Structures are given as structure tokens and as C-alpha cells.
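**Student:** Here the sequence shown is numbered in numbering that gives the first Met the number 0, starting from 0 and rising by one per residue. Virtual Cβ for every residue (Gly too), placed ideally from N, Cα, C. For clarity, every value in this text was computed on a predicted model and none was experimentally measured. Sharing a structure with you now.
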Amino acid sequence: MREELEDGFELDDDLARIDAAEVHRFLSTESYWAKGRPYETQERLVREANRVVGLYHEGRQIGFARAVSDGIAIAYLADLYVLPEYRGRGFGKQLVRFSVEEGAFARMRWILHTADAHSLYEKFGFGAPSAKVMERSKPG
Ligand SMILES: CC(C)(COP(=O)(O)OP(=O)(O)OC[C@H]1O[C@@H](n2cnc3c(N)ncnc32)[C@H](O)[C@@H]1OP(=O)(O)O)[C@@H](O)C(=O)NCCC(=O)NCCS
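Here's what the structure looks like:
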């Protein structure tokens with residue numbers, strides 16, 4: 000599934016288009032949640048995701064998101080970013096919209112974690128977890 004935006008920007012969920020080295024560069028050095036993540040780990044997270052979304056400008060990878068899903072009821076959104084020089088122009092919202100409102104998981108329940116972008120995701124129906132939600136932290 001591919002969607003052309005204005006001025007040579009596009010969204011695409013084709014795994015074959017993902018620039019794994021660039022996604023790893025950003026996430027392992029510039030994100031607050033995946034600093035130091037090894038290349039092999041990142042490459043596997045991309046390859047084994049149920050859906051990956053790339054944001055491209057004239058073919059260059061400038062944003063990314065991945066979704067993990069059971070294929071039936073629930074999907075998890077992760078590793079979403081837009082490169083700093085392209086921020087503040089609506090592309091973060093486009094990435095979230097395309098990730099959760101388009102594609103095979105659009106009718107499912109979605110969950111995500113964020114440190115500070117709550118109001119971004121609220122625009123797409125995310126809210127505080129209900130009393131039914133529990134979470135088990137990574138051991139150790
Ligand atoms: C978060 C991020 C993807 C937003 O991308 P962007 O292209 O600047 O986003 P947009 O231009 O579409 O605007 C985002 C909207 O969400 C809001 N927002 C809420 N939290 C935000 C945050 N932490 N960072 C940026 N925008 C945020 C903005 O104010 C803006 O609202 P508006 O439309 O009412 O003005 C981008 O800043 C980024 O990659 N940050 C680093 C990685 C990151 O934190 N990812 C999210 C992990 S959960």
C-alpha cells in the first residue's frame with residue numbers, strides 16, 4: 000500500500016523499500032528508547048514486523064514506524080519517528096494515520112508506549128489505558 004503526499008513525499012508499507020541501515024542509524028543513535036540497539040536486532044525487528052511503514056522524500060527514508068499484531072484483535076505501534084529536519088510539517092501525523100487507520104490492522108485495538116507524544120496519538124483515538132490493562136516489565 001502506497002500513498003503519495005505533496006512535493007515528492009510518500010508513505011509506503013513495502014518491506015523491501017525500508018533502508019534498514021538508516022532506520023538503525025536513527026533509532027540507535029537519536030531515539031530516546033533504542034539507543035545502542037544492535038544492527039542485527041533492528042534488522043530483525045523490521046523483517047519480522049507484521050507491517051512496516053516508511054516515509055520517503057524523493058526516495059530517501061525520512062521516517063518510519065512498525066506494527067506487531069496477532070492478526071486478529073490487537074496491534075502494537077513502535078519505533079515511530081520523523082527525521083528532525085522534516086518535523087513540524089504534519090508528517091508525524093501522516094505516519095500515525097497511515098500506520099493505524101490504513102492497512103490490515105485498521106479495525107483492531109491498538110496499543111503503544113510513549114514518553115512525551117501523548118497528544119500526537121490522542122489525535123488518532125489513543126487514550127490513557129483502561130483499568131483492564133496490565134503490563135509486565137522486562138525482567139532484570
Ligand atoms: C514525534 C514525531 C514523530 C512528530 O513528528 P512531526 O512530523 O514533527 O509531527 P507533526 O508535524 O505531524 O505534528 C505532531 C503533532 O503532535 C504534537 N506532539 C505531541 N507530542 C509531540 C512530541 N513529543 N513531539 C512532536 N510533536 C508532538 C505536536 O504539537 C503536533 O500537534 P499539532 O498538529 O496540534 O500542532 C517527531 O517529533 C519525532 O520523530 N520525534 C522523535 C522520535 C519520537 O519521539 N517518536 C515518538 C515515539 S512514541
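#1: Specify whether the segment 28-39 and the segment 57-68 touch according to this definition: at least 3 beta carbon pairs, one from each stretch, less than 8 Å apart.
#2: Shorter than 6 Å, the distance from the beta carbon of A116 to the closest heavy atom of ligand 1, or not?
#3: Between F104, V132, W109, P138, which has its C-alpha nearest G124's C-alpha?
#4: Alpha carbon to alpha carbon, how far is V67 from L76?
#5: Under 8 Å, with one C-beta from each stretch per pair, do the segment 72-86 and the segment 22-30 reach the 3-pair mark?
#6: From A72 to L4, what distance separates their C-alpha atoms?
#7: Please report the straight-line C-alpha distance between S136 and L111, rounded to a whole angstrom.
#8: Given a cut-off of 7 Å, decide if A74 and M107 are closer than it, judged by their beta-carbon atoms.
#9: Mark H23 as exposed unless 16 or more other C-beta atoms lie within 10 angstroms of its C-beta, in which case mark it buried.
#10: Mind checking whether the beta-carbon of T113 lies closer than 6 Å to any heavy atom of ligand 1?
#11: Could you give the uninterrupted runs of the alpha helix (DSSP H) lying entirely in the segment 23-95, keeping only those of 4 residues or more?
**Tutor:** Taking the geometry as given:
#1: No, they do not touch.
#2: With a threshold of 6 Å, the Cβ atom of A116 counts as near ligand 1, since some heavy atom of the ligand is closer than that.
#3: Distance from the Cα of G124 is smallest, within the candidate group F104, V132, W109, P138, for W109.
#4: Rounded to the nearest whole angstrom, the C-alpha separation of V67 and L76 is 7 Å.
#5: These segments touch.
#6: For A72 and L4, the distance between alpha carbons rounds to 30 Å.
#7: Pairing S136 with L111, the inter-Cα distance amounts to about 14 Å.
#8: With respect to the 7 Å criterion, M107 and A74 are classified as neighbours on the basis of their beta carbons.
#9: Using a 10 angstroms sphere on the CB of H23, the tally of other CB atoms reaches 16 or more, which defines it as buried.
#10: The closest heavy atom of ligand 1 lies less than 6 Å from the beta carbon of T113.
#11: Fully enclosed alpha helix (DSSP H) runs of 4 or longer: 38-46.
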